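In what follows, a single structure is set out as structure tokens and then discussed.
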Amino acid sequence: MTDLKKELAKGINEKNIIKDADMREHTSFKAGGHASLLVIPSDKNELKFAVKTLYASQMPYMIMGNGSNILVRDGGYKGALIKLGEAFAFISADKDIIHAGCGALMSQVANEALKKGLGGFEFAGGIPGSIGGAVFMNAGAYGGEMKDIIKSVNVISRDGEREYELVPEKLQLEYRHSIFCDTCDIIESVKIKLHEESKDKIKSMMKELTERRNNKQPLSLPSAGSFFKRPKGYYAGRLIEDAGLKGLTVGGAQVSQLHAGFIVNKGGATAGDIIELMHMVQATVMDKYGVMLEAEVRIIGEEA
Ligand SMILES: Cc1cc2nc3c(=O)[nH]c(=O)nc-3n(C[C@H](O)[C@H](O)[C@H](O)COP(=O)(O)OP(=O)(O)OC[C@H]3O[C@@H](n4cnc5c(N)ncnc54)[C@H](O)[C@@H]3O)c2cc1C
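Residues 24 to 327 (my numbering) make up the sequence shown, in order.
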């Protein structure tokens, strides 16, 4: 590990290579184990250098954005997490196209769209992730999804050797799925196509959706949003609520009293608490309704 850190430090500022990083500090769940290495590249060259070095070392690695859909098991991730944040957060607009670096937050892109009088992104402004993470997950809300607005994606191959562009037809965008879930290639930036819209209309839509989120979601407690994917023909939250599981608690983890689709960290939850609660919810819903709930949250790493 020390050798690998030294190798990485040949192309990346050493202060951006963190050993044994506590992922409670880097995920919205504020729970879970450590990553052997957390690498925070400050530009594309550093990113490519990191990826090439890690690829050659055969150490497992994974890209992360804002950490709002990731849970690291308590035994930790025995590999490197490469965090693409502020350094990749550029946003520019040309007519009805916005070009955003993968690290741009959805709220920042939404504000830029508002500033330029471009509609079509209102649904996404309250999703607390990066646009890279949103493409990866084909994130969606209130009837919209990334699939509706992506024009193209600039990609870096997983080994850091190739850069290429993908058009929507090649992205395999489905409910909470994209081609990147399979290839693990890196989303470097995204172009989205919006439409001219009055700023007042955009503003009032954003306000309405923010109010809906504030009223219906437990935003004062750490979580990763809706924990489960929506099963075909059902709503996960409704099934969980009907099964009487609101408020069910394991250690510091609880099925939200406000929105049963959320598992929240009431304080001091371990990843083990959250995962045990997940299994209890899955078993009860399967037992009562014959529906298997699949986690939307990406659970990585090893058990303690
Ligand atoms: C309060 C709350 C509300 C939420 N509401 C919604 C909602 O309404 N709709 C919704 O869809 N989601 C929602 N989420 C979940 C989450 O915000 C989204 O899934 C978001 O798109 C994840 O982005 P991120 O940057 O945080 O990704 P991360 O959690 O960092 O990563 C998620 C996955 O994306 C991959 N990834 C991230 N960036 C890249 C990149 N540049 N290249 C390749 N792979 C990458 C990671 O490897 C990982 O597998 C919510 C979460 C919270 C906490």
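We put the CB at the ideal spot given by N, CA and C, even for glycine.
Note that the structure is predicted; figures quoted are calculated from it, not measured.
Heavy atom of ligand 1 within 7 Å of residue i beta-carbon
{"i": "R185", "result": "no"}
{"i": "P83", "result": "no"}
{"i": "R96", "result": "no"}
{"i": "Q195", "result": "no"}
{"i": "N68", "result": "no"}
{"i": "M303", "result": "no"}
{"i": "E240", "result": "According to the sequence displayed, residue 240 carries Gln and not Glu. Yes, the beta carbon of Q240 sits closer than 7 Å to at least one heavy atom of ligand 1."}
{"i": "A136", "result": "no"}
{"i": "M228", "result": "no"}
{"i": "M160", "result": "yes"}
Where the beta strand (DSSP E) containing residue i begins and where it ends
{"i": "F285", "result": "F285 to N288"}
{"i": "I335", "result": "Here the chain covers residues 24 to 327 and nothing more, so residue 335 does not appear."}
{"i": "G126", "result": "Here G126 belongs to no beta strand (DSSP E), and DSSP marks it neither H nor E."}
{"i": "S227", "result": "No beta strand (DSSP E) contains S227, which is instead part of the alpha helix (DSSP H) from K222 to K239."}
{"i": "D117", "result": "I114 to D117"}
{"i": "H57", "result": "H57 to V62"}
{"i": "A276", "result": "A276 to V278"}
Residue i versus residue j: straight-line alpha-carbon distance, rounded
{"i": "Q195", "j": "N161", "result": "10 Å"}
{"i": "G256", "j": "F250", "result": "17 Å"}
{"i": "G275", "j": "M46", "result": "17 Å"}
{"i": "N68", "j": "L77", "result": "14 Å"}
{"i": "V95", "j": "L244", "result": "18 Å"}
{"i": "N237", "j": "S246", "result": "14 Å"}
{"i": "H282", "j": "S91", "result": "17 Å"}
{"i": "I225", "j": "V176", "result": "25 Å"}
{"i": "L20", "j": "L27", "result": "This structure leaves residue 20 out entirely; the chain is present only between 24 and 327."}
{"i": "G148", "j": "M87", "result": "19 Å"}
{"i": "E145", "j": "A133", "result": "6 Å"}
Local Cβ density within 10 Å of residue i, reported as buried at 16 or more and exposed below that
{"i": "E48", "result": "exposed"}
{"i": "Q240", "result": "buried"}
{"i": "D117", "result": "exposed"}
{"i": "E184", "result": "exposed"}
{"i": "R261", "result": "exposed"}
{"i": "G248", "result": "buried"}
{"i": "E231", "result": "exposed"}
{"i": "F203", "result": "buried"}
{"i": "Y84", "result": "buried"}
{"i": "Y100", "result": "buried"}
{"i": "G108", "result": "buried"}
{"i": "N288", "result": "buried"}
Start-to-end residues for the alpha helix (DSSP H) that takes in residue i
{"i": "S130", "result": "M129 to K139"}
{"i": "K252", "result": "Here K252 belongs to no alpha helix (DSSP H), and DSSP marks it neither H nor E."}
{"i": "L77", "result": "K67 to S80"}
{"i": "Y312", "result": "A294 to Y312"}
Any C-beta of chain B under 8 Å from that of residue i
{"i": "L196", "result": "As a matter of chain content, chain B is missing from the structure shown, which is built from one protein chain."}
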